[in-house]
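Numbering (the UniProt record's numbering), first residue to last: 1 to 269. Input: a single structure, listed below in structure tokens.
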């Protein structure tokens, strides 16, 4: 595995921990934008694959997540997370000027990455969305209709068919295992609406990855958002039987191959 190093940035609402998987002379930069309740360290294997293909990889722990500051999983405005990711892009570019940059966003990170692309797409060479929370995601509506949000944490079984992935997630002290918080759910609902109204990403190449057995962020709901977001150059890969975390699934070798093929194609055109 590639050795990582950590940076600390001043974020929108406190310090942001950023993990870097370095490459001495990268042909591209990849920003990994993690999902709700987790942290960038869970993407070490993805980063290792990317570094092996010539990328320098950077991944922030979002506000209230991982090693970053803030009350756990409390995000009152996802635009703060978008701004923090933009600051991480600045850190990466300062280290490697004039190197093309791709954004890889998973789940909630897919929602953040989609908004980032709407705002800063001219700065990107490619956008990859994995199980993205965009389009018609009913969970926020369902939770906000309740007087009290139930204490039902994410089930590890919904993430992957791989029992080792499930066990590691359940035992990870940097993963949040408690209930969602109402301000965060409200922030999800607002950002879903913002992205839906934000327009497509034009000529920015998009790769959409999704498991067809994703029960956390169902395929059909995300497709609504992809149709609104996609521009002139989009590719989709739907994996039979795969659950929410396709980078941690039993067929991850196929997912990595699709990711590398897409980035190679972008970088050589």
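Cβ coordinates follow ideal geometry from the N, Cα and C atoms, glycine included.
Keeping to the same chain, check which residues put their C-beta closer than 6 angstroms to that of residue 27; ignore five residues upstream and five downstream. 54
Given a cut-off of 8 angstroms, decide if residue 9 and residue 87 are closer than it, judged by their beta-carbon atoms. yes
With DSSP collapsed to three states, give me the class of residue 222. helix
Taking residue 222 as the reference, give the member of 42, 261 and 211 with the closest Cα. 211
Drop a sphere of 10 angstroms on the beta-carbon of residue 241, count the other beta-carbons inside from all chains shown, and report buried for 16 or more, exposed for fewer. Label assigned to residue 241: exposed.
Nearest-angstrom Cα distance between residue 20 and residue 233? 29 angstroms
Taking all protein chains shown into account, do 16 or more other C-beta atoms lie within 10 angstroms of the C-beta of residue 155, making it buried, or fewer, making it exposed? exposed
Taking the alpha carbon of residue 178 as the point to measure from, which residue in 12, 32 and 36 has its own alpha carbon closest? Cα-wise, what sits closest to residue 178 is 36.
What separation, rounded to the nearest whole angstrom, lies between the Cα atoms of residue 107 and residue 245? Roughly 8 angstroms between the two C-alpha positions.
Considering residue 260, what are the terminal residues of the beta strand (DSSP E) in which it resides? Premise fails: residue 260 lies in the alpha helix (DSSP H), 252 to 267, not in any beta strand (DSSP E).
Residue 18: which of 59, 134 and 175 sits nearest, CA to CA? Minimum Cα distance to residue 18 is reached at 59.
Within 8 angstroms, do at least three Cβ pairs link the segment 250 to 259 to the segment 137 to 157? Segments in contact, no.
Report back the beta-carbon spacing between residue 134 and residue 192 to the nearest angstrom; my notes put them in contact at under 8 angstroms. 7 angstroms
Start-to-end residues for the beta strand (DSSP E) that takes in residue 235: 234 to 239
Residues that DSSP places opposite residue 15 in a beta bridge: 10
Who are the Cβ neighbours of residue 248 in its own chain at under 6 angstroms, not counting the five residues just before and after it? 160 and 165
When you compare each of 259, 266, 269 and 265 to residue 48 by their alpha carbons, which one comes out closest? 259
Restricting to runs no shorter than 3 residues, where is the beta strand (DSSP E) found entirely within the segment 29 to 100? 55 to 60
CA-CA distance, residue 24 and residue 123? 22 angstroms
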